[in-house]
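Going down the list, the protein sequences come from chains A and B. Using this note's numbering, read the first sequence as starting at 105 and increasing by one per residue. Using this note's numbering, read the second sequence as starting at 105 and increasing by one per residue. Ideal Cβ positions, reconstructed from N, Cα and C, are used throughout, including at glycine. In this text, all values refer to a predicted model and were calculated from it rather than measured experimentally. Below you'll find the structure, written out as structure tokens, and then a few comments.
Number of protein chains: 2
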Amino acid sequence: MTGSSGGRPLRVDAARNREAILEAAREVFAAQGTDASLEEVARCAGVGIATLYRRFPTRDDLVAAAFAPKMAAYAQAAAAAVAEADAWEGFSGYVRTVCAMQACDAGFADVVALTFPGTRALDRQLRKATAGVNGVIERAKADGALRQDFVMEDLVLVLLANAGVVNATSRHAPDAWERFVAYLLDAFRAPGRSQLPEPVSATRLAAAVRRQARVRRPDGPSGRTGHERVPR
Amino acid sequence: MTGSSGGRPLRVDAARNREAILEAAREVFAAQGTDASLEEVARCAGVGIATLYRRFPTRDDLVAAAFAPKMAAYAQAAAAAVAEADAWEGFSGYVRTVCAMQACDAGFADVVALTFPGTRALDRQLRKATAGVNGVIERAKADGALRQDFVMEDLVLVLLANAGVVNATSRHAPDAWERFVAYLLDAFRAPGRSQLPEPVSATRLAAAVRRQARVRRPDGPSGRTGHERVPR
């Protein structure tokens, strides 16, 4: 449909196709989650499925490229938290910002909650953001604002739980997550009120989340068609 | 396969078919959620799909009958909470029990979190349990153990959030929900540490949860086959 023509260099069309595919992917993934049909993405972009696969050989490649700007915003939230003068404001502002990003974007909720870690290209970005967040957590603990038994892995629980709230309430009660997150932040305040069960090990949590991401894409990029999807 | 034969009254076979269908439904729903294929339920029960539809004309009928014992347990948890001598133990024990029930059973997680309210027969049971829980909440508030701004609708947020945690972690980190729920109970302890955003109105929350249940079953009981389902 947008093949090379009229003497324009091929790479111009290729770049335009690439942008059209990424824009369509963001829209389709945001509406349906990252397990949406790639055929539908190609259709919305006005390209053939073969063109899509040429540009993005795997679903992960497409997800990573489509959400690169969002992931940059995620990393930026961590950087802003580090820069915040008050340690608790830094920590709580970060939790609220990331949960707000989940609430705005079904696709992003999936990316953060389900492929954390999982998608190689996003992993690199996430690791960078994660390093920043670790600093925010340690500073809030040292300041006496964040309970001492809070661990980084608890943030993954926050994202998984918030995804559960957001997925159910996004249409009819779109601000439900704000009250939920306010409760959680109260729970994280020092001093802790009760002895918590042991934290989940990072390894087990990563396996859990990776498996979930895999289960949701059982056949890789080509195994799905547009009409088999169960909307959530 | 189990048709009337050998002079046995038809109702004996009918009752046996019914039990086989319910047992298969519990297994399939627990493994795949309540939007699983009814053809698969029939197959596992060793009956034809026509027999299943004769016994259970709608998916809701089957869900309600399959989970009636679980719903009785849910009502029982509320009754036990009312009977608990200590008001906070009653409240926190109830929250832990219901979240533990979600964690044990993917199908039950769906029933409580997504069709609350939604399925008529389950609704009656849920309303009964809910009346009991309301007493537990009010007693814990009067006792000064539960923060005054806690409302019944917050329990729905707990179930939606816990479903998010449980669905992601059930295989590799099956006790992750325990730490998550311990955090929430700390958040619910009186006095509240921060001013919360307004609670979500019961009407909006019900609409949200009803819609989600509907979206997950877009075509009613006969619109799905066994192979289109996206595992979660």
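Sub-7 Å separation of residue i and residue j beta-carbons
i: A:Q229; j: A:A169; result: no
i: A:V167; j: A:T138; result: yes
i: A:V304; j: A:Q206; result: no
i: A:A312; j: B:A277; result: yes
i: A:R297; j: B:D190; result: no
i: A:V260; j: A:L300; result: no
i: A:N121; j: A:V151; result: yes
i: A:A183; j: A:G236; result: yes
i: A:L264; j: B:G268; result: yes
i: B:E257; j: B:A185; result: no
i: B:G194; j: B:V132; result: no
i: A:A128; j: A:A149; result: yes
i: A:R251; j: A:A280; result: no
i: A:A134; j: A:D253; result: no
Residue i at chain A interface by Cβ criterion, 7 Å
i: B:R308; result: yes
i: B:S196; result: no
Residue-chain proximity (residue i, chain B), Cβ-Cβ < 7 Å
i: A:G268; result: yes
i: A:G222; result: Low confidence applies to A:G222: its pLDDT is 48, below 50, so where it sits in the model is not reliable enough to give any reading.
i: A:P301; result: yes
i: A:V304; result: yes
i: A:S298; result: yes
i: A:V116; result: no
i: A:A207; result: no
i: A:T219; result: Low per-residue confidence applies at A:T219: pLDDT is 46, beneath 50, and the placement is therefore not dependable enough to give any value.
i: A:A265; result: yes
i: A:T273; result: yes
i: A:T201; result: no
i: A:A140; result: no
i: A:A312; result: yes
i: A:L261; result: yes
Cβ of residue i within 7 Å of any chain E Cβ
i: A:A310; result: Although the question refers to chain E, the structure presented lacks it and instead comprises the protein chains A and B.
Review point. Taking a cut of 8 Å between CB atoms, which residues from the stretch 275 to 296 of chain A lie near chain B?
Key: R275, H276, A277, D279, A280, E282, R283, F284, A286, Y287, L288, L289, D290, A291, F292, R293 and G296
**Study point:** Residues of the stretch 230 to 247 of chain A with Cβ closer than 8 Å to any Cβ of chain B, in chain order
**Key:** none
Check your understanding: Looking at C-beta atoms only, is the number of pairs between the stretch 148 to 163 of chain B and the stretch 191 to 205 of chain B that lie closer than 8 Å three or more?
Key -> no
Point to revise | Runs of beta strand (DSSP E) wholly within the stretch 252 to 318 of chain A (minimum 3 residues, chain order) | key: none
Practice item. Check distances from the C-beta atoms of the stretch 153 to 170 of chain A to those of chain B and list, in chain order, the residues that come in under 9 Å. Key: none
Review point. Which residues, in order along the stretch 119 to 138 of chain A, keep a beta-carbon less than 8 Å from a beta-carbon of chain B?
Key: none
Point to revise | Selection of the stretch 175 to 194 of chain A by Cβ proximity to chain B, strictly under 9 Å | key: none
Practice item. Please list the segments of the alpha helix (DSSP H) lying wholly inside the stretch 120 to 206 of chain B, counting only runs of 4 or more residues, in order along the chain. Key: 142 to 149, 153 to 159, 163 to 170 and 172 to 187
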